[in-house]
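Numbered by my numbering, the letters in the sequence shown go through residues 32 to 272 in order.
We put the beta carbon where it would ideally sit given N, CA and C, even for glycine.
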Amino acid sequence: MTARRGRRAAGKRRGAPRKWRGKPWKPWAVCGTALLLELLLIWSPLRPYAAGVLILALLGFVLWWLWRTDRMARDRDRAWREEEAVRRGRRSLARADVMTGTEFEELVAGLCRRDGCTDVRRVGGAGDTGVDVTGRLPDGRTMIIQCKRYAPGRAVAGRDLRDLLGSRVHFGADLAICVTTARFSRPAQDFAAANGIATLHRDHMGLWNRGAALGSLLGVSGGGQGDGRHRVRWKKTYGEA
């Protein structure tokens, strides 16, 4: 009891109650507001002016609140876009390398939708006639996609692209695309170039997965595999088939 009384006495000697400590302006603000209201009640000629001031203050507060809300929403949207760009930039094909064939087909279908393709459907499975994804490009052309989730050291053979060419005729598609996490053999690359089949090898797939648009990659279809020296470096990097 003695100690408690001592603390109370010390608090009184220190001055302001605990809730006002560190914020000396609060008592003055409360007192000033009370005094202003008392003057307005006593001196009636000031009431119209005070009402105008209060209305303007209220309008200013509403405008400030709307501006602040809009700024906060824009800041949150900007932060989300920056974070998404960072996540997209950090994506790699390491995730695709451990996917099943079905998961890789879903990834390709999702990238098509991201780039504005419509009517995108995954049709891979038993009896898919060499087609895993169908859809329509943003320019209206119909497309079929064959997905080859191979180990990086493997190569897509020419027979796979011959099957894809037959599927393009079967579906009546405007464009046939073969996407792989590996590379294309020389016969497969030559066959694709001769028959208008778009080929996206591992390097292109990595660019697509990191944000490049499908339309921009179709313009470099089949390129980037280089000569024999490039293929030697590829094998050193990814290993033999």
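Item: Roughly how many angstroms separate the alpha carbons of Lys-179 and Met-103, rounded to a whole number?; Value: 45 Å
Item: What are the boundary residues of the alpha helix (DSSP H) that Gly-166 is part of?; Value: No alpha helix (DSSP H) contains Gly-166, which is instead part of the beta strand (DSSP E) from 164 to 167.
Item: Between Val-251, Thr-212, Asp-191, Trp-96, which lies nearest to Val-129 when the distance is taken from Cα to Cα?; Value: Thr-212
Item: So, with DSSP's three-state summary, where would you put Cys-148?; Value: coil
Item: What's the call for Ala-219, buried or exposed, on a 16-neighbour Cβ count within 10 Å?; Value: buried
Item: What separation, rounded to the nearest whole angstrom, lies between the Cα atoms of Thr-149 and Pro-183?; Value: 30 Å
Item: Figure out for me which residue from Leu-245, Leu-87, Ser-252, Gly-250 has the closest Cα to the Cα of Leu-168.; Value: Leu-245
Item: For Met-103, which of helix, strand or coil comes out of DSSP?; Value: helix
Item: Once the 5 residues before and after Leu-238 are set aside, which same chain residues still bring their CB inside 8 Å of it?; Value: Leu-248
Item: Tell me whether the beta-carbon of Ala-140 lies closer than 9 Å to the beta-carbon of Gly-166.; Value: yes
Item: Note the first and the last residue of the continuous beta strand (DSSP E) segment covering Val-210.; Value: 206 to 211
Item: Kindly identify the DSSP beta-bridge partner or partners of Ile-289.; Value: Only positions 32 to 272 of the chain appear in this structure, which leaves residue 289 out of reach.
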